[in-house]
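If you want full-length UniProt numbering, it's the position in the sequence shown, counting the first as 1, plus 2.
Even glycine gets a Cβ: it sits at the ideal position worked out from N, Cα and C.
The structure displayed is predicted, hence computed values, not measured ones.
Working notes for the structure below.
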Amino acid sequence: YLGTMKDVDGVLEIGGVLVTKLQKDYGTPLYIYDLELMEKKITALKEGFHSDKFKTTIVYASKAYLSKGMVQVVDKMGLDIDAVSAGELHTILSTKINPKKVHMHGNNKSLEELEMCVGSEIGSIILDNRFEAKRVADVCKRLGKKIDVMLRLNIGIDAHTHEYIKTAKHTSKFGESIFDRDIVEIVRDIVEKEELNFLGFHCHIGSQIFDELAFGEGIETMVKFTKEISEKLNIKIPEINLGGGFGVRYTDEDTDVDLKKLMKKIVKSLEVTLESEKVTIEKVSIEPGRSIVAQAGSTLYTVGGKKKTFGGEKYIFIDGGMTDNIRPALYSAKYESVVANRLNEEKKEVVTLAGKCCESGDIIIKDTKLGKCDEGDLVLVSCTGAYGHSMSSNYNKALKPAVVFVKNGRSYLVSKRETYEDLVRNDLMLEEI
Ligand code: LLP
Numbered sequence: 003y004l005g006t007m008k009d010v011d012g013v014l015e016i017g018g019v020l021v022t023k024l025q026k027d028y029g030t031p032l033y034i035y036d037l038e039l040m041e042k043k044i045t046a047l048k049e050g051f052h053s054d055k056f057k058t059t060i061v062y063a064s065k066a067y068l069s070k071g072m073v074q075v076v077d078k079m080g081l082d083i084d085a086v087s088a089g090e091l092h093t094i095l096s097t098k099i100n101p102k103k104v105h106m107h108g109n110n111k112s113l114e115e116l117e118m119c120v121g122s123e124i125g126s127i128i129l130d131n132r133f134e135a136k137r138v139a140d141v142c143k144r145l146g147k148k149i150d151v152m153l154r155l156n157i158g159i160d161a162h163t164h165e166y167i168k169t170a171k172h173t174s175k176f177g178e179s180i181f182d183r184d185i186v187e188i189v190r191d192i193v194e195k196e197e198l199n200f201l202g203f204h205c206h207i208g209s210q211i212f213d214e215l216a217f218g219e220g221i222e223t224m225v226k227f228t229k230e231i232s233e234k235l236n237i238k239i240p241e242i243n244l245g246g247g248f249g250v251r252y253t254d255e256d257t258d259v260d261l262k263k264l265m266k267k268i269v270k271s272l273e274v275t276l277e278s279e280k281v282t283i284e285k286v287s288i289e290p291g292r293s294i295v296a297q298a299g300s301t302l303y304t305v306g307g308k309k310k311t312f313g314g315e316k317y318i319f320i321d322g323g324m325t326d327n328i329r330p331a332l333y334s335a336k337y338e339s340v341v342a343n344r345l346n347e348e349k350k351e352v353v354t355l356a357g358k359c360c361e362s363g364d365i366i367i368k369d370t371k372l373g374k375c376d377e378g379d380l381v382l383v384s385c386t387g388a389y390g391h392s393m394s395s396n397y398n399k400a401l402k403p404a405v406v407f408v409k410n411g412r413s414y415l416v417s418k419r420e421t422y423e424d425l426v427r428n429d430l431m432l433e434e435i
């Protein structure tokens with residue numbers, strides 16, 4: 003069991019609340035976040051990621067899971083937060099968070115997005131490329147403001163993860179390559195722009211990375227590059243941001259990651275590299291998303307029925323599917339599940355959990371061992387907290403599920419279930435046809 007999950011007479015309890023009660027109060031499908039586990043993950047990151055040699059900041063990568071409630075949690079725990087779109091920025095800024103704690107990413111930020119960033123005086127913009135520097139400077143000039151910026155680098159590290167979530171191969175669309183022959187001039191151009199205050203470099207080598215050597219390699223490359231540029235341009239570079247990507251254990255196939263230990267290793271590697279390269283950096287940031295929310299989130303479904311096909315496949319049909327969790331279809335992601343109201347039953351049947359979309363690929367888990375389970379029972383799929391809700395869709399006009407946070411026997415509704423009216427809110431009838 004993850005976090006505060008407990009077996010209470012055969013019924014699963016999370017954060018001190020029985021899932022049967024959650025079903026009654028909020029219906030299914032339902033995203034459930036174990037608030038205590040989220041806080042523990044953040045604490046582990048904070049305890050591991052600090053140093054006497056430089057300041058540290060942890061920036062939550064909000065794309066992993068974002069709601070106003072989540073912003074409150076992150077803010078209360080003392081983290082900064084990033085956004086990659088006007089929509090994420092708007093969600094974050096519609097809370098009481100100090101805009102200075104917000105940082106903006108994106109490889110193709112629109113003028114509207116840049117105006118939002120500069121106008122709201124957010125903490126920093128991470129420039130993706132040489133052309134963006136001019137755009138941001140123009141916006142600043144027009145609005146009479148100045149803004150802190152970093153430059154995202156492609157450091158050419160091929161981390162071992164799913165092809166779709168690798169970000170720093172030489173062919174990746176993100177950042178400016180450190181191998182570009184104009185790279186020194188690109189940085190000089192940013193540094194010389196009066197409206198921009200250049201903080202330093204950013205990199206992110208990919209997501210769901212277990213390979214510690216890749217992080218070490220990333221650190222070495224970033225430090226050496228920072229040194230080279232600061233010598234060539236004769237400037238001080240105060241900050242580097244190493245991105246996120248720390249791996250999470252979803253099933254037995256993955257290794258367990260001790261976040262605090264991993265952070266300590268990263269800090270040690272930073273300290274050693276800075277020392278050996280004789281580089282002083284004032285501040286180092288990281289941007290974890292998945293490692294904070296993945297294990298804390300689960301999805302609760304109600305079983306609608308079962309089917310054994312002529313071909314021998316045994317299906318359990320649940321009332322959600324690829325609309326609330328696209329990851330199995332998109333990345334062949336693996337999950338685990340239990341019959342949450344019948345934990346005492348022996349897990350002996352191999353079944354496939356299928357959703358309700360008109361699509362054969364709408365499978366949440368293929369061939370999983372489940373206990374006895376009938377119509378009306380509850381199936382909980384664990385570790386869905388990252389990139390589940392945030393990548394959900396209205397395909398087949400599915401209503402996006404509600405989200406609750408649970409802790410110490412209480413549940414807090416942070417997002418209401420969508421209504422049918424929500425689905426047609428923006429549709430207009432043709433006047434004539
Ligand atoms: N920083 C940057 C610049 C990023 O692009 C990302 C993730 C992160 C931080 C956070 O990475 P994390 O700590 O969450 O691994 N939809 C995919 C994952 C896409 C990740 C995109 N960037 C999935 O469901 O696996």
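The beta strand (DSSP E) enclosing Ile-159, as first and last residue numbers = Looking at the DSSP string, Ile-159 is not in any beta strand (DSSP E), and its letter there is neither H nor E.
#### Entry: Minimum length 3: unbroken beta strand (DSSP E) runs contained in the segment 209-272
241-243
Integer Cβ distance of Ile-239 from Ser-232, believed to fall under 8 Å: 5 Å
message = Taking the straight line between their C-alpha atoms, what separation do you get for Arg-419 and Pro-403?
response = Taking the straight line joining both Cα atoms gives about 5 Å.
What would DSSP say about Ile-207, mapped onto helix, strand or coil? coil
Within the present structure, is the beta-carbon of Tyr-333 separated from the nearest heavy atom of ligand 1 by less than 7 Å?
-> Yes, the Cβ of Tyr-333 comes within 7 Å of a heavy atom of ligand 1.
Quiz item: Between the C-alpha atoms of Ala-335 and Met-40, what's the straight-line distance to the nearest angstrom?
Solution: 21 Å
Practice task
Could you tell me which uninterrupted beta strand (DSSP E) segments, each at least 3 residues in length, are contained entirely in the segment 100-150, listed from first to last along the chain?
Solution key: 104-106, 126-129
Q: Along the alpha helix (DSSP H) that carries Leu-372, what are the first and last residues, could you check?
A: Not the alpha helix (DSSP H): Leu-372 falls in the beta strand (DSSP E), residues 365-372.
- Query: By how many angstroms is the C-alpha of Lys-171 removed from the C-alpha of Asp-326?
  - Reply: 30 Å
query = If we call anything under 8 Å between Cβ atoms a contact, is Thr-228 one with Phe-200?
reply = no
Could you give the C-beta distance for Val-13 and Leu-345, rounded to a whole number, given that I count them as a contact under 8 Å? 7 Å
Practice task
Taking Tyr-422 as the reference, give the member of Val-405, Glu-315, Lys-267, Asn-396 with the closest Cα.
Solution key: Here the closest residue by C-alpha is Asn-396.
Notebook entry, point to check: Any heavy atom of ligand 1 closer than 7 Å to the Cβ of Lys-111?
Noted result: no
Exercise. Could you give the C-beta distance for residue 1 and Ile-211, rounded to a whole number, given that I count them as a contact under 8 Å?
Worked result: With the chain covering only 3 through 435, there is no way to say anything about residue 1.
Practice item. May I have the straight-line CA-CA distance separating Thr-59 from Thr-6, to the nearest angstrom? Key: 27 Å
* To do: Please confirm if the segment 83-96 is in contact with the segment 66-75, defined as three or more CB-CB distances below 8 Å between the two stretches.
  => yes
**Item:** Distance cut-off 7 Å: Ser-209 Cβ against heavy atoms of ligand 1
**Value:** yes
### Task
Taking the CB atoms as reference points, tell me whether Ile-318 and Leu-372 lie closer together than 8 Å.
yes
- Query: Between Gly-306 and Arg-427, what straight-line distance do the alpha-carbon atoms span, to the nearest angstrom?
  - Reply: 29 Å
_Determine whether the beta carbon atoms of Lys-399 and Leu-430 lie at a separation below 8 Å._
Between Lys-399 and Leu-430, the gap from beta carbon to beta carbon reaches 8 Å or more.
- prompt: If we count Cβ pairs, one from each stretch, closer than 8 Å, do we get three or more for the segment 252-262 versus the segment 16-34?
  reply: no
Tell me the DSSP secondary structure of residue 459 in three-state form. There is no way to answer for residue 459, as the model of the chain reaches only from 3 to 435.
Requested in this report: Specify the secondary structure class of Ile-283 as computed by DSSP and reduced to three states.
Outcome: coil
Practice prompt. Answer with buried or exposed for Asn-410, where buried requires no fewer than 16 other C-beta atoms within 10 angstroms of its C-beta.
Written response: exposed
**Prompt:** Tyr-337: which of Val-353, Glu-433, Lys-368, Lys-316 sits nearest, CA to CA?
**Reply:** Lys-368
Contact check, Gly-50 vs Met-265, beta carbons under 8 Å | At a Cβ-Cβ threshold of 8 Å, Gly-50 and Met-265 count as neighbours.
*Pick helix, strand or coil for Tyr-3, following the three-state DSSP scheme.*
coil
Per-residue DSSP class, three states only, for Ser-417
strand
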